């Protein structure tokens, strides 16, 4: 039943459901579904996501030492997110984090691999790691709000609020389009998924698919591990220092690269939002090449049809790509699709709180590429 083993949600039996990755892409009317989420009256089957738990008295200090976020004193029922980085600072795993006072819950798209890596790092510490994806499913809600003692475990998405110890490469929090997107995941027993969704529908929620959530995520410039991350990604490129990295905590794997890029260099690439020409009604696939004058300058990482903005996407480009350059995105067949940029990560590659340079700035960092 584990999502990595081909999970198929029982909610795909609903009339009109179109499948994608084991859950519904939509239930027949993705535009109406998006509008329901924007209005705060939607519910989404996110049971394709994985869940890992870490129990034991050393759990928070141990996770603090391994990952990018300050977790040592994380208060119960407080949501955050963290990254597992390679020794060279590349993103390997992403997890939403919440602790209920006895157990730390990690919501992730790579539960098996993350649990295996964490288990290999236990040594003599008092921690127990488990992939509990078979037992727990995530239900998405377009609202903010943490869980409470006695209630279900809830991960409330912190994006795009710059957390203590974090910083930003994009606009201030109150000017960020993601500030308008409320989103949280409620963990429910997997066997109760249908009942839990039905209860929300009975209270007035409309069931929506991942077409709707992806369109709203793209419009919020929210990076996702299974879309924007590749083997070269450093968190600065995706503006992930806002919510997933604490710059003042102690040493962890990849910390040297995080500090060096922030203090001395610039991210080699940058996330941008693309407004795609919809005149031909063709949407490029994620992974398509982004072109400037027929030369590759990046990759389209996500593509969606937004109910107001039309065809949009997120792309990772070379940092030096001009922000006003007329770009195109390659199609499997036919002429490339014209695309206009909306800057997410500044091409200057400098945060507002970057230390003043003592000498010439690095033009880029060789990160083992």
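In our numbering, the protein residues as written are 16 to 384. Ideal Cβ placement from N, Cα and C applies to all residues, glycine included. In this text the structure is predicted, and so the values were computed from the model without any measurement.
For residue j and residue i, the rounded distance between their alpha carbons
i, j, result
"residue 23", "residue 233", "25 Å"
"residue 337", "residue 259", "28 Å"
"residue 89", "residue 96", "11 Å"
"residue 341", "residue 211", "47 Å"
"residue 364", "residue 273", "13 Å"
"residue 322", "residue 249", "31 Å"
"residue 106", "residue 244", "7 Å"
"residue 301", "residue 237", "15 Å"
"residue 17", "residue 32", "Because residue 17 carries a pLDDT of 43, less than 50, the predicted location of this residue cannot be relied on, and no value is offered for it."
"residue 381", "residue 368", "Note that residue 381 scores a pLDDT of 49, beneath 50, so its modelled location is shaky and nothing firm can be said."
"residue 173", "residue 352", "33 Å"
"residue 287", "residue 167", "36 Å"
"residue 112", "residue 27", "28 Å"
"residue 150", "residue 21", "15 Å"
"residue 130", "residue 146", "6 Å"
"residue 35", "residue 200", "19 Å"
"residue 324", "residue 290", "8 Å"
"residue 195", "residue 186", "14 Å"
"residue 132", "residue 347", "37 Å"
"residue 53", "residue 372", "43 Å"
Reduced DSSP category for residue i - H, G, I as helix; E, B as strand; rest coil
i, result
"residue 132", "helix"
"residue 112", "strand"
"residue 170", "strand"
"residue 216", "helix"
"residue 126", "helix"
"residue 28", "helix"
"residue 279", "coil"
"residue 189", "helix"
"residue 60", "strand"
"residue 222", "strand"
"residue 210", "helix"
"residue 322", "coil"
"residue 312", "strand"
"residue 117", "coil"
"residue 146", "strand"
"residue 249", "coil"
"residue 49", "helix"
"residue 15", "Because the chain spans 16 through 384 in this model, residue 15 falls outside it and cannot be assessed."
"residue 244", "coil"
"residue 272", "helix"
Nearest to residue i (by Cα), restricted to the options the options
i, options, result
"residue 269", "30, 110, 83, 158", "83"
"residue 332", "127, 69, 311, 319", "311"
"residue 296", "31, 327, 228", "327"
"residue 44", "170, 247, 57", "57"
"residue 219", "334, 170, 156", "156"
"residue 55", "228, 361, 304, 66", "228"
"residue 85", "139, 214, 34, 257", "257"
"residue 318", "143, 231, 190, 122", "231"
"residue 7", "87, 42, 62, 27", "Here the chain comprises residues numbered 16 to 384, so residue 7 is not present and cannot be evaluated."
"residue 81", "94, 63, 101", "101"
"residue 345", "362, 292, 371", "292"
"residue 303", "159, 330, 170", "330"
"residue 235", "38, 284, 360", "360"
"residue 37", "64, 316, 283", "64"
"residue 215", "71, 175, 253, 158", "158"
"residue 202", "61, 153, 60", "153"
Interface flag, residue i vs chain C, CB-CB below 8 Å
i, result
"residue 350", "Absent from the structure is chain C; it holds one protein chain and no more."
Assigned exposure category for residue i - 16 Cβ within 10 Å defines buried
i, result
"residue 141", "exposed"
"residue 294", "exposed"
"residue 68", "buried"
"residue 135", "exposed"
"residue 266", "exposed"
"residue 93", "exposed"
"residue 217", "exposed"
"residue 246", "exposed"
Report yes or no: do three or more beta-carbon pairs, one from the segment 173-180 and one from the segment 350-364, lie closer than 8 Å?
These segments do not touch.
Would you call the segment 203-218 and the segment 304-321 in contact, with 3 or more CB pairs under 8 Å?
Note that the segment 203-218 does not touch the segment 304-321; fewer than 3 beta-carbon pairs, one per stretch, sit closer than 8 Å.
Any contact of the segment 46-57 with the segment 219-229, i.e. 3+ C-beta pairs under 8 Å?
Taking a contact to require three or more Cβ pairs closer than 8 Å, the segment 46-57 and the segment 219-229 qualify as touching.
Any 3 or more C-beta pairs closer than 8 Å across the segment 119-133 and the segment 277-288
Cβ pair count under 8 Å is below three, so no.
Are the segment 69-76 and the segment 113-124 in contact at 8 Å, needing three or more beta carbon pairs?
When C-beta atoms of the segment 69-76 are compared with those of the segment 113-124, three or more pairs fall below 8 Å, so the two segments count as touching.
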